[in-house]
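The structure appears below as structure tokens.
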Amino acid sequence: IFDLLDQLILLKAGRVIYLGPGGMRPCETFANMGYPYRQGYNIAEFILETVTDKAAKCDFAVEYENSEMAAVQQQRANDIWEDFLHQTRPGDAYANTPACGNTSPGGTLRRKISVTLAHEAEEKNLAYYANSPLREIWVLLRYRVAVKWRMGWFIASKLVIPVLVGGVYSSFFNNLPKNFWGSFTTAGLLFVTVALAGFLSIAPLEDFKGEWPLVLRQRQDAYYRSSSYVAEKILQELPYGAMGALGFGLITYFVIGLKMTPYAFFFYTFASFVVNMVSTSIAFGVASNIHIDFLPQAICTVWNTLNILVSGFFLPKCQIPKWWSWLYWISYQQWTWSALMLNQYGEQSGMEAVVASGQCEQSFDSGAKCADGMGSLLNRLPMLFQSAGFNKGGNQCTAMNNFTLNMFNLGSGTHSNQWLCLLYASLSLPIFLGLFYIGIWRSTRTKA
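Take any residue in the sequence shown, count from 1 to its spot, add 57: that is its number in this note's numbering.
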């Protein structure tokens with residue numbers, strides 16, 4: 058590892074005793090002071106033993122300060138500082154105009170030594186970034202995100218969990234019938250698909266918390282803009298959100314027996330991706346503003362639970378208390394679940410051949426799965442409502458689809474178009490991304 062170091066700085070008691078090239082150059086420097094290197098000995102250990110030798114009479118710091126190497130480096134530092142004093146931005150010289158204030162004898166303005174904090178520098182437009190915003194994003198993706206993409210445990214936390222959960226669900230909810238109990242179970246499965254994304258957002262939350270100390274130091278030193286870091290984190294999660302949704306969809310969709318049309322499958326996968334990204338942005342937004350060890354997870358869990366309660370599956374809209382009705386209208390889980398229900402039981406995503414032809418009526422016959430006993434009575438309810446004029450005409454399968462939507466107050470008004478419902482769900486994304494940006498921006502507003 059030592060051989061990989063191009064430059065090396067050694068300190069003793071807080072003072073520099075060597076600053077220069079790596080490799081064998083430190084050994085040559087110490088040899089000139091009377092401490093020769095023994096061939097074959099570990100260089101790093103030789104240096105440590107030499108500078109920490111209590112019997113050594115040499116003052117290494119003084120030797121370095123009097124060396125030609127130190128003189129050259131000091132001159133370079135003076136040149137860089139002098140160049141900095143005469144520039145507004147790297148590469149831009151001050152113009153000598155009366156409006157610029159005091160001028161130096163040479164006719165150009167000089168900077169003043171400052172201890173301005175990072176947040177004050179931003180407010181006064183004094184913070185200088187080495188790269189453009191796009192370049193910052195590229196550097197972050199290349200040297201931070203690309204490293205994570207090569208970590209097996211990181212990929213597993215993003216992809217393996219959704220796939221495993223999808224496999225478990227498929228082992229329980231497989232080949233669901235089109236009758237009443239099958240439709241009700243399918244509605245529950247679609248609800249779990251949405252709620253699952255909220256709980257899986259803990260993984261990106263922990264990832265952010267792990268790198269927060271590093272981000273805090275880098276932001277204080279103006280390594281990159283707040284917007285660049287936010288863009289980097291979202292771009293990091295985009296492929297995982299898409300692949301997780303696709304993997305979960307491929308396993309669950311066909312095994313469970315959801316609507317077999319290309320339109321419906323695409324919408325199911327896309328809706329899963331949207332809810333994954335919204336849940337991730339919520340986790341980032343909370344974690345970037347609250348840095349108490351356990352509190353972000355607790356808040357995300359509570360928020361996810363509240364969204365579950367007002368989703369419309371456990372409690373119909375008419376049963377939600379008035380003081381919680383506002384949450385119903387802004388709940389991303391409620392809108393996503395409504396979109397998935399319309400996708401499954403509405404006609405906007407097409408109609409399955411077995412439903413249009415009435416072949417699925419076999420699942421209503423006696424002896425079919427969940428069709429006997431109470432199931433036999435419940436299977437007749439849709440046709441009873443249809444004969445009473447509550448649902449439009451069609452066979453028993455289409456009547457069950459319409460009945461399922463009506464049972465959850467879907468299919469009319471604001472909940473009649475699945476794409477609009479998904480759009481309303483996605484409106485939470487920019488809100489929590491804005492909250493995420495504020496949290497990162499605030500990181501330079503304290504001395505922590």
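Here a beta-carbon is modelled for each residue, glycine too, at the ideal position from N, C-alpha and C.
Check	Outcome
Rounded straight-line distance, which links the Cα of residue 276 to that of residue 72	28 Å
Simplified DSSP state of residue 83, which is helix, strand or coil	helix
Pairwise C-alpha distance: residue 137 and residue 81	28 Å
Opening and closing residue of the beta strand (DSSP E) in which residue 319 lies	Element bounds for residue 319: not the beta strand (DSSP E) but the alpha helix (DSSP H), 319 to 344.
Inter-residue CB distance, residue 490 and residue 357 (contact presumed, cutoff 8 Å)	Wrong, their Cβ atoms sit about 15 Å apart, outside the cutoff.
Cutoff 8 Å; reference residue 295; Cβ partners in own chain excluding five residues on either side	334
Alpha carbon of residue 163 to alpha carbon of residue 140, nearest angstrom	Interpretation of residue 163 is limited by its pLDDT of 47, a score under 50 that renders its predicted location unreliable; the figure taken from the coordinates is listed afterwards. About 13 Å.
First and last residue of the uninterrupted beta strand (DSSP E) at residue 76	72 to 78
Selection from 225, 412 and 242 that minimises the alpha carbon distance to residue 233	242
Inter-residue CB distance, residue 370 and residue 394 (contact presumed, cutoff 8 Å)	7 Å
Cα-Cα separation, residue 384 to residue 367	7 Å
Beta-carbon proximity check, residue 75 vs residue 83, cutoff 8 Å	yes
Residue from 113, 319, 248 and 269 with nearest C-alpha to residue 345	269
Span separating the alpha-carbon of residue 259 from that of residue 238	33 Å
Beta strand (DSSP E) segment containing residue 64, residue limits	64 to 69
Exposure label - residue 485; buried when at least 16 CB within 10 Å	buried
Distance, residue 318 Cα to residue 494 Cα	40 Å
C-beta contact flag for residue 289 and residue 197 at 8 Å	yes
Classification of residue 376 by the beta-carbon crowding that lies within 10 angstroms, buried from 16 upward	exposed
Own chain, CB closer than 8 Å to residue 497, minus 5 neighbours either side, in chain order	272, 276, 283, 286, 287 and 345
Spatial neighbours of residue 409 in its chain, beta-carbon cut-off 6 Å, leaving aside the 5 residues before and after	316 and 317
DSSP three-state assignment for residue 472, whether helix, strand or coil	helix
Residue range of the unbroken alpha helix (DSSP H) whose run includes residue 493	485 to 498
Under 8 Å between C-beta atoms of residue 320 and residue 407	yes
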